[in-house]
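Protein chains: 6
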Amino acid sequence: MFMRIDKLLTELPEAKKPDPNAAAALQELLGGKYGEMSTLGNYMFQSFNFRNKTQLRPFYSLVSSIFAEELGHVELVSTGIAMLNNGPGNQKSDVDLSKAPFHDMQGTALPGAFLSSGGGATPINSNGISWNTDMVTTTGNLMIDLLHNFHLECGARIHKLRVYETMTEPTGREVCAYLLVRGSLHAHAYALALKKLTGVAIEKMLPTPNIDLDRIPECQKYLDEGKHRRLYRFSPDDYEEAAGIWSNDEVALPGDPPGQLEVVDGLPEGGKIPELAGNYGAFAPDYAPEEIFEIASKLYKKSR
Amino acid sequence: MFMRIDKLLTELPEAKKPDPNAAAALQELLGGKYGEMSTLGNYMFQSFNFRNKTQLRPFYSLVSSIFAEELGHVELVSTGIAMLNNGPGNQKSDVDLSKAPFHDMQGTALPGAFLSSGGGATPINSNGISWNTDMVTTTGNLMIDLLHNFHLECGARIHKLRVYETMTEPTGREVCAYLLVRGSLHAHAYALALKKLTGVAIEKMLPTPNIDLDRIPECQKYLDEGKHRRLYRFSPDDYEEAAGIWSNDEVALPGDPPGQLEVVDGLPEGGKIPELAGNYGAFAPDYAPEEIFEIASKLYKKSR
Amino acid sequence: MFMRIDKLLTELPEAKKPDPNAAAALQELLGGKYGEMSTLGNYMFQSFNFRNKTQLRPFYSLVSSIFAEELGHVELVSTGIAMLNNGPGNQKSDVDLSKAPFHDMQGTALPGAFLSSGGGATPINSNGISWNTDMVTTTGNLMIDLLHNFHLECGARIHKLRVYETMTEPTGREVCAYLLVRGSLHAHAYALALKKLTGVAIEKMLPTPNIDLDRIPECQKYLDEGKHRRLYRFSPDDYEEAAGIWSNDEVALPGDPPGQLEVVDGLPEGGKIPELAGNYGAFAPDYAPEEIFEIASKLYKKSR
Amino acid sequence: MFMRIDKLLTELPEAKKPDPNAAAALQELLGGKYGEMSTLGNYMFQSFNFRNKTQLRPFYSLVSSIFAEELGHVELVSTGIAMLNNGPGNQKSDVDLSKAPFHDMQGTALPGAFLSSGGGATPINSNGISWNTDMVTTTGNLMIDLLHNFHLECGARIHKLRVYETMTEPTGREVCAYLLVRGSLHAHAYALALKKLTGVAIEKMLPTPNIDLDRIPECQKYLDEGKHRRLYRFSPDDYEEAAGIWSNDEVALPGDPPGQLEVVDGLPEGGKIPELAGNYGAFAPDYAPEEIFEIASKLYKKSR
Amino acid sequence: MFMRIDKLLTELPEAKKPDPNAAAALQELLGGKYGEMSTLGNYMFQSFNFRNKTQLRPFYSLVSSIFAEELGHVELVSTGIAMLNNGPGNQKSDVDLSKAPFHDMQGTALPGAFLSSGGGATPINSNGISWNTDMVTTTGNLMIDLLHNFHLECGARIHKLRVYETMTEPTGREVCAYLLVRGSLHAHAYALALKKLTGVAIEKMLPTPNIDLDRIPECQKYLDEGKHRRLYRFSPDDYEEAAGIWSNDEVALPGDPPGQLEVVDGLPEGGKIPELAGNYGAFAPDYAPEEIFEIASKLYKKSR
Amino acid sequence: MFMRIDKLLTELPEAKKPDPNAAAALQELLGGKYGEMSTLGNYMFQSFNFRNKTQLRPFYSLVSSIFAEELGHVELVSTGIAMLNNGPGNQKSDVDLSKAPFHDMQGTALPGAFLSSGGGATPINSNGISWNTDMVTTTGNLMIDLLHNFHLECGARIHKLRVYETMTEPTGREVCAYLLVRGSLHAHAYALALKKLTGVAIEKMLPTPNIDLDRIPECQKYLDEGKHRRLYRFSPDDYEEAAGIWSNDEVALPGDPPGQLEVVDGLPEGGKIPELAGNYGAFAPDYAPEEIFEIASKLYKKSR
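Just so you know, the protein sequences line up as chains D, C, G, W, R and Z, in that order. Counted the way my numbering counts, the first sequence spans residues 1 to 304. Counted the way my numbering counts, the second sequence spans residues 305 to 608. Counted the way my numbering counts, the third sequence spans residues 609 to 912. Counted the way my numbering counts, the fourth sequence spans residues 913 to 1216. Counted the way my numbering counts, the fifth sequence spans residues 1217 to 1520. Counted the way my numbering counts, the sixth sequence spans residues 1521 to 1824.
Structure below.
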């Protein structure tokens, strides 16, 4: 079972104007083979299909808490995409529909993002191809699944880096920077899990790709907070056994600010979920939102 | 952000033997167009892409809390599939691999379920086709999205019914029965949301398909508990505004046990997540689980 | 069985120049989930798979005649795409192929439209993804299928609107406008079918999205002709029982020109199918069309 | 524009019992790369995208009238699939849903055919894979398109033959036999079109594969009627120029009953569209069909 | 550039009868995510896209020679599939096509294998899903690509093991056994490449999954020959620099017969490519093979 | 079995700057339905699945040697794509990652080419869609397979022509020109194979499309060398029986430089495989290539 808290993992700066090509680039981090739908899907099905959960509790707990975090990553990158596609919006209903007000949406990298989803995020990559089951590995052999996950997080890191390197918009840069810090931690976590199973110090391969996060300005605040050392349980009462892997005798990677690794109860503080104001012409609401709000508010008050 | 609680929405009876064809049928309810990945994916992206969240809070809250529940549905049906594919398992390592111990896995409905995933669930339908973005509608026009969702839940209901009608195994029947009760509630919820927006009493179309749940024996305990009347918030502090729609002036559908509709804080009680014991020959673990458990337990104790 | 009449449902203005990005946008209305291949495919398979055709004749007739119309919609939007991609064409064979005469086709939204199909329409959406079976719902439960169809036509309407809002070329605007009028009628028809089955006045949700067609200048002539009130049988002798649903006690929607709904025998008058003149360099015909024409004409005359 | 006539191209014998594996085999002829959706899709888009229609009228007419026939082929094979999946049906509503009345649908070749479509046909092949745009060739170069079509019809012929060779059910055998006769004619027609363009007597390659139709008992009546020599226009007034290709100086292929080739006005006589009686348990109608029929009949009478 | 030698990597025992379900299982090792098309596709595109080939010659050479070997793996597994589907064949032309001679092909795991390909291999997995680009990783970052490859070979190993465990037919068992030995070597090779780059002794994780090959009787002859220690260059003159990685200071893995690793010039000896005799009814050859053979032989002799 | 020679089939001019849109166009010739992956995949599986190899040796040899050549075509077009995407590269590590150094990669035709593959080639078409099994025909009926191949090469020719016509970059033009010459030869070869089987002079349809290669300047040197008349065996000892088809009594096509057709032993001379220098920012190598080179060189020397 799952609960949702109505916050984002971090606060995203507003997009000053619609930038559908930046949003399309960010789609690679949502629906691409090395995107957040993939990290989510892999850890989710590995966790559901996990054999011998009791005997292998620390490993099950590690995969399960990272899976829970990935839900928030999907939310973060989806929100970033919707913000970039949308810009500040324009809800005035007196738009002249006959003047091709959205002509600029032709010839963008993913025209369907506007035409079908009104700028919303969908589980596709930057070329428009759907996320799918071929991007999920769940063999049930713990070693292979962990090795896959380690490779997946390293691969995801180079994708995040490249998307960042195309990005001038602060909204998208923030998404990439946050995901780079947390993805680096996940790579580290799977490396340590493999080390506990095999004795091989595979974490010495990190960071892969070999770019320290201090070259990304937007990462600094997250490193200063220790976000590269803190594994959140993302559960009120469960998964603390992940500390058997991500434990206090392990420390941050050499290129990052030093410190001991910690398993943290619950959740990070997070940031506000943005209000997304639509464009009247694109959404054509069948109602006046204010009016509906008023009716619904009354009903809600009555219901308490 | 999200949290996971290490419980299933309901307890599932153990599978007495591997039944890969029953598991394949259940895949329709996981990865099919009208399966739980679809209800999840639709409400998830609609919630992330929602325009005017503040002004339309009751609707945003309704979609968001149902989305959070759907995560648990995906978990429930995935667990059922893994249980049916797996049966009781056999972890003895002295299996003779050269005697074709898994010959029976040839010619099943989805041979890849064993060959690739060791019997684990994956996001595919009963014909083996991947879940994908074509199964997600997120237009951003609230009316269309709700209408889609209402149709989706009615469509999902006939799929659940048909899968149930093929099923002799108690594990799979329980999954179907639970999903039928909760899916019926979701259809009802979206109907009421549409009624609040338009004044049209579309909930009078329910139940669609026209099968009362009292014809399904496994549904009775859920109806007796009122699971058809209780919308859980699946959030510690958020989404209570869903009560503006699912409120106390609305009552259960005529064919179901009578009572007022309620928004319930937090979560249902839920059941135990099953231990899945693998087959040595199929999983070939690279370690002795007991040994690893001992090492990891020590590390964990040290970490506290 | 089917017959084809060599006319378009409406006449389309010529495209003055190739506009592949406009054509790509229009592909959303051909091969997208809410495009004409989808409305066609859904009603076609629902009609072929229809249970109890005799007892439910009015419903079978309604789905069947709308399906026959959708064939013409696929033709109309395909023709529009080919016209926009093609422009006026250039059949002179003295083009210098070595001077990159089609360099402008690089970097368009769908380069394959030129490279593979010479600008012809294909069953893909605006992101280049194929139409496929996931876009077809044919449960055989009449209520669910009709509910699906009602949602599909409403969803199609917002797609048509958005494509229109990107479009400056008259060819594409005309396609959108025609489809908006007829799609609105189809939404209305499925609403009435649901009302006959359930008594719920679901047509009061229309128009969804909430944009009256009088805001689209190109729609006016079609409204003036009553194209929003006339359901053509698209059959010489069959499907008149659709009048049990689209009958004379029902009237046009409030925002449209008033009048009674009518079932009309046969076909609308329609317009000319355009001659598409290709580019020599892109089509490289293996023959001189005039010469072939002469030979074939003689053979044809001989054959009569 | 198109019209539908409520008849099948030929009459199909009733299926005595549900035979989902036979229906799955027949799906190869509906949604496979060499199935009827492919012949339809290829000729449809070639016809819509045709360059220089006036100058190349006989070729345009040939492709267009065969395309119109293919609509009827899709209808025929879809109907066969639905009949085989369905069998005689059982509409009694007192079925005990809790006794797994459809257990036999587990482990069939395409379980989703029952679970999702209630036994209806969908555009997939015998392995469950969707028909898609990769199966459409529309280069706009007439020679290449005709050459493709010639190869497609020869390829389709071996698929039809193989499906026939697996088939014991009369319903499915009849579908294959009918399609074999007409497909052979279409291969012949494209061969003659190529001959008119190039002078190469490519029709001498026929029949490919090298199986005379007199080895298929169900083909005899169609050969006796001359169905291998008659190209129907499938249009009330258009496409007679196809006679420039399929003309009276050409004769039937050597292995078939001799005679001159003819272009025939209009349509073949055809057979009855079967009533498909569903199973109550699988379709769960939301209404009593008789009752609805009565209401609708009254409305219809009133409407005339 | 490439050359083909008309031999198989190893000789395969004949299939005594058609066994389409065994062939379908083997398809997982051809077209599955962890099958030979994937190992081929990954190393092929990595080799073509390789950056800094000169400076990183040993790594380029390693990937390139393994890629060349994978071509032979695709050939081996394809041949095994065709043999299992085909059995001994029956070329007599007096088969009675009207007696459903291939009725047994209905209800197999992949009916399309017979219906469309006459039992030939195609690039699909055991569920019928196509191999595709999502199964190719070519980031251009050498570490990530090698890490991916290492995980891929370990994952491939558990797939090979599971397919073997379903297999009673000697043809299929031989394919699995050969691929297990060579796949183990490839995993070892990528491990050593990673070690040279990073100093991490990742080869200590092998074998993964943890099944020594001496538990597979069919593997013994290959181990005895040293096939687990010999990296063939699969090139007349190139790629010997792979010896910088697979060099003489490295030895076989502990569970395998001991010995030094060697780079071997050229090719293994290999075995005969089997003659596949088709079934007349399924292939319907348009010619008498003997006759054609005679004509062609004469032409060939004349041509020398 | 296969061997690789570390050379390209022809030498490609360097790309002076990154041109991702030209590279995207060239992808049509790699992963499109009529691209080199398709010609490769068709002939590869036809060769592996070939029935009666001994009796039909000249045909088997023809398909097999062309298949071996296609491996080199895939290599050539992949190399061209990587060169065009990459340009001259920049390996300096002091790039400022935070200044969006790859902003220009947003809004290109295939953003994923950079974001995921760092500009490497992948098996997709110009719209980003994966190559897949639907593009492979292997019926096992020799006539149909050859007819398919003949149509495929003609279709490929118009694709190559159109890509060429969009191309200003010499790298891409050279690829197209080379493929046009060799593809024309392959079409000719399949035509002759069909003629030997059937007596129909189908090669008289060539060239299709009807563009003589002397209109393409980059083709001249290949025509002068006789590359349109020489079928290489691409094998050290096998496939010479192809001379039964491509023999000395057949001559070049009328529009090409005259001469007899020849089967040539072994391989063409070929050109250099280009060094591709990456961009530091995009590849972030985890090592200094020079250093690694030195270590590996020492190891390699030691190994000899």
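We put the beta carbon where it would ideally sit given N, CA and C, even for glycine. Being a predicted model, the structure only gives us computed values, none of them experimental.
Assuming the contact rule is C-beta atoms closer than 8 Å, residue i and residue j should be a hit. Round their C-beta distance to whole Å, please.
| i | j | result |
| --- | --- | --- |
| R:E1390 | R:L1224 | In fact, because the Cβ distance is near 10 Å, the residues do not count as touching under 8 Å. |
| C:V568 | C:E544 | Not a contact, Cβ separation roughly 10 Å. |
| Z:G1660 | Z:R1571 | 6 Å |
| G:G727 | G:N698 | Not a contact, Cβ separation roughly 12 Å. |
What is the DSSP secondary structure of residue i, reduced to helix, strand or coil?
| i | result |
| --- | --- |
| G:Y642 | coil |
| Z:L1528 | strand |
| G:Y668 | helix |
| W:G992 | helix |
| Z:E1590 | helix |
| D:G124 | The residue you asked about is not Gly; residue 124 of chain D is Ile in the sequence shown. Here D:I124 sits in strand by DSSP. |
| G:V703 | coil |
| G:N740 | coil |
| C:G423 | coil |
| R:G1486 | coil |
| C:N514 | coil |
| C:N394 | strand |
From what residue to what residue does the beta strand (DSSP E) around residue i run?
| i | result |
| --- | --- |
| Z:R1524 | F1522 to R1524 |
| D:E165 | Run containing D:E165: none in the beta strand (DSSP E); it sits in the alpha helix (DSSP H), L142 to E165. |
| W:E1174 | E1174 to V1176 |
Considering just the uninterrupted stretch of the alpha helix (DSSP H) at residue i, what are its terminal residues?
| i | result |
| --- | --- |
| Z:R1750 | No alpha helix (DSSP H) contains Z:R1750, which is instead part of the beta strand (DSSP E) from R1750 to Y1752. |
| W:L1118 | Careful: W:L1118 lies outside any alpha helix (DSSP H) and carries neither H nor E. |
| G:T716 | Here G:T716 belongs to no alpha helix (DSSP H), and DSSP marks it neither H nor E. |
| W:C1131 | Neither: W:C1131 is in no alpha helix (DSSP H) and is coded neither H nor E. |
| G:P778 | P778 to T806 |
| W:K1213 | P1201 to S1215 |
| R:Y1496 | Y1496 to F1499 |
Proximal residues, the region 1407–1423 of chain R versus chain D, C-beta separation under 8 Å = In summary, the residues of the region 1407–1423 of chain R whose CB is separated from some CB of chain D by less than 8 Å are L1410, T1414, G1415, V1416, A1417, I1418, K1420 and M1421, in the order they occur in the chain.
Closer than 7 Å, Cβ to any Cβ of chain G: which residues of the region 282–297 of chain D, in chain order?
-> Answer set for the region 282–297 of chain D: A282, A284, P285 and D286.
Listed from N- to C-terminal order along the chain, which residues in the region 80–102 of chain D have their beta-carbon within a distance smaller than 7 Å of any beta-carbon of chain G?
-> L97, S98, A100, P101 and F102
Name, going along the chain, the residues of the region 109–130 of chain D whose beta-carbon falls closer than 7 Å to a beta-carbon of chain Z.
-> Per Cβ criterion, the list reads A109, N125, S126, N127, G128 and I129.
Just by C-beta distance, which residues in the region 1061–1092 of chain W are closer than 8 Å to chain R?
-> I1070, H1071, L1073, R1074, V1075, Y1076, E1077, T1078, M1079 and T1080
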